[in-house]
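Take a look at the structure set out below.
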Amino acid sequence: MSMFCYQCQEASKNSGCTVKGVCGKEDHLANLQDLLIYVVKGISFYALQARQQGIGLEKINRFTSDALFMTITNVNFDQARFIEQIKAGLVLREELKNGIGEAGGIEGYIPDASTWWGDTEAEFMGKAEQVGVLATGNEDIRSLRELLTYGIKGIAAYAEHACNLGYEDDNLYQFMHRGLAATLDDSLSADDLVGLVLECGKHGVDVMALLDKANTLSYGDPEISRVNIGVRNNPGILISGHDLRDMEELLQQTEGTGIDVYTHSEMLPANYYPAFKKYKHFVGNYGNAWWQQNEEFEKFNGPILMTTNCIIPPRDSYRERVYTTGSVGYEGLKHIADRKGSEPKDFSAIIEHARKSSAPEEIEKGEIIGGFAHAAVLSLADKVVAAVKSGAIKRFFVMAGCDGRMKSRSYYTEFARQLPSDTVILTAGCAKYRYNKLNLGQIGGIPRLLDAGQCNDSYSLAVIALKLKEVFGLDDINDLPISYNISWYEQKAVIVLLALLYLGVKNIHLGPTLPAFLSPNIADVLTKTFGIAGIGSVDEDIALFMGE
Ligand code: SF4
Ligand code: SF3
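Sequence positions in the sequence shown follow my numbering and run 14 to 561.
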């Protein structure tokens, strides 16, 4: 068997993983993921028709987000879950088709993805080999179809978090279905697909705004906070990923048990929300970005809850302590079931596990500062504007995005370290771990590193930029003294990038490598239209950005 996947920044040789994923994904699993995407595309074709006929799509919408989320890099490595999901998707698709039939039927061409059926794993594998990324022969069309699909995966992930808090927007689901169905349509030209990719960016802004609303209305506006990175002597539970509702329910269920809670990687920003800060057993953040979890999980000693990406293949030394939930999965790890209606998830198993664990081993000491989401930064607006006007702040650098394993990512540490002292870094996402423990100092009481939160909180950075544009009376967001040096890894970073393009941001530098899924022609279009560029050496790039 073989596979082909080039959806993340670590694609082998910056071309594609063909034998086994650098992420640890085996060929069998990669092919099942391809087939699940194909099934979701087939469902999407019918969902468009069903929506016009007024057929309720609640189950279909949820299925769409969940299935797409499962295929994001480092979310789910459990083959059995994919087989179950493919089967469930085929059943849902048939129900949808029957509903459409009763409401008047569908005319015209129906794609294979909407008619194909299989019962057994062998049939699934046979089909998967025909429907993967390389099934699209023309490399530019393939590139655009995949770019669109990855952007939609990002939308799906953020939509699922918002939905978990009770916030949904049917326009987002409608676009997911329209975009995915478009990838099955051979009559669409490259220009048509470019149009959809740009439209995807609009929905990226919308879904991040929706999630921002869901998070802040549920848990308050993030506050400027000092976060402890040391440990205490009680047993602890480490929670990672991006899902704040899981965070809330874990804090509620551990209160008064004598067990402490720590965040890891992208859950760090939970420390900035007033609704979570009030818990005395919420100690702080342990460790760094996702790719360091092997060493850090080993030392944590207690159980670990993965609410979303990034999970990596666990070492035997700690694998029996890892629990997954939601879209996350890994063969052999314990999975905490979804909520039933309005009931919270049941975290009793992980709490019992923690009772029998020893306290975490200390790996760091001290505090880091964060919580500079839009509300907090805008409350400092006068100070910020005065510092820009006086020249005390010469330039802002948006360094949002993802961290990853590649050694070349030390570029971002050096870039942050070597930036002139009259510059301020705006960050979001796990990219921050490359420089959030450097002592970068402050400018007139404003820290030189402002962390807005998770990757989805890149929305906050856009709100801040738009506000500054208004305050300075500028017509074009690109006239602001802001440069964008974004690091990417998985598909949520793709939707963040498309959202920035939709907002009109030009000259974004993207690294540590440009996506393997951009064909030379499509990369050329992005360069000519938006000025997208890769990264060079730290010295050259700083000189370039500072206009020297
Ligand atoms: Fe390779 Fe990334 Fe795909 Fe994993 S997700 S198989 S590392 S391209
Ligand atoms: Fe990180 Fe996986 Fe993307 Fe939410 S946790 S930013 S990589």
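C-beta: ideal position from N, C-alpha, C; glycine also.
query: Could you give the first and the last residue of the continuous alpha helix (DSSP H) run that contains MET221?; result: 203-232
query: Alpha carbon to alpha carbon, what distance is there between THR84 and VAL390?; result: 34 Å
query: Near ALA116, which residues of its chain fall below 6 Å by C-beta distance, leaving aside the five closest residues on each side in sequence?; result: GLN66
query: Roughly how many whole angstroms lie between the Cα atoms of GLY37 and GLN265?; result: 34 Å
query: Can ASP91 be considered in contact with the ligand FAD, in the sense that its beta carbon sits closer than 7 Å to one or more heavy atoms?; result: By its list of ligands, the structure shown excludes the ligand FAD, since it contains just the ligand SF4 and the ligand SF3.
query: Report buried or exposed for VAL104, applying the criterion of at least 16 other Cβ atoms within 10 angstroms of its Cβ.; result: exposed
query: Would ALA367 and GLY549 qualify as a contact pair, given that the criterion is a beta-carbon distance under 8 Å?; result: no
query: Measure the beta-carbon distance from THR77 to HIS190 and round it to whole angstroms, keeping in mind my assumption that it falls under 8 Å.; result: 7 Å
query: Apply the 10 Å Cβ neighbour rule to LYS166 and answer buried if 16 or more other Cβ atoms are within range, or exposed otherwise.; result: buried
query: Let me know the secondary structure DSSP gives SER253 once reduced to three states.; result: strand
query: What is the rounded straight-line gap between the Cα of VAL240 and the Cα of GLN431?; result: 25 Å
query: Could you spell out where the beta strand (DSSP E) holding PHE17 opens and where it closes?; result: PHE17 -> no beta strand (DSSP E), and no H or E assigned at all.
query: Between LYS450 and LYS290, what straight-line distance do the alpha-carbon atoms span, to the nearest angstrom?; result: 21 Å
query: Tell me whether GLY179, by its Cβ, gets closer than 7 Å to a heavy atom of the ligand SF3.; result: no
query: In three-state DSSP terms, what is ASN87?; result: coil
query: If we call anything under 8 Å between Cβ atoms a contact, is ASP153 one with ASN534?; result: yes
query: What residue range is occupied by the uninterrupted beta strand (DSSP E) comprising TYR336?; result: 335-338
query: Could you name the residues that DSSP lists as bridge partners for GLY297?; result: TYR275
query: Any idea which residues DSSP pairs VAL390 with across the strands?; result: None; VAL390 has no bridge partner.
query: SER500: beta carbon under 7 Å from a heavy atom of the ligand SF4?; result: no
query: Looking only at C-alpha atoms, which of THR229, THR267 and GLY417 sits nearest to TYR292?; result: THR267
query: Run the CB neighbour count on VAL32, radius 10 Å, all protein chains shown included, and call it buried at 16 or more, exposed below.; result: exposed
query: Rounded to whole angstroms, what is the Cα-Cα separation between GLY308 and CYS323?; result: Sequence check: residue 308 is Glu here, not Gly. Cα to Cα, GLU308 sits roughly 15 Å from CYS323.
query: Inspect the beta-carbon positions of ILE499 and LEU514 and report whether they are closer than 8 Å.; result: no
query: Nearest to ILE382 by alpha carbon, out of LEU263, GLN20, PRO235 and ILE96?; result: PRO235
query: Which residue comes first and which comes last in the alpha helix (DSSP H) that contains LYS312?; result: 306-313
query: Just curious, the beta strand (DSSP E) that ASN498 is in, first and last residue?; result: 495-500
query: Does the region 346-365 come close enough to the region 256-263 that 3 or more CB-CB pairs lie under 8 Å?; result: yes
query: To the nearest angstrom, how far is the alpha carbon of GLY486 from that of ALA475?; result: 16 Å
query: Under 7 Å: does the beta carbon of VAL390 sit that close to some heavy atom of the ligand SF4?; result: no
query: Counting only runs that start and end within the region 460-541, where is the alpha helix (DSSP H) found for 4 or more residues in a row?; result: 471-484 and 504-515
query: Starting from THR440 and walking both ways along the beta strand (DSSP E), at which residues does that stretch end?; result: 436-440
query: Tell me whether TRP303 is buried or exposed, calling it buried when 16 or more other Cβ atoms sit within 10 Å of its Cβ.; result: buried
query: Please go through the region 126-204 and give each complete alpha helix (DSSP H) segment of 4 or more residues, from N-terminal end onward.; result: 134-144, 152-177 and 183-195
query: Looking at the secondary structure, which residues open and close the alpha helix (DSSP H) in which GLY102 lies?; result: 92-115
query: Quick check: TYR19 and ALA529, are their CB atoms within less than 8 Å of each other?; result: yes
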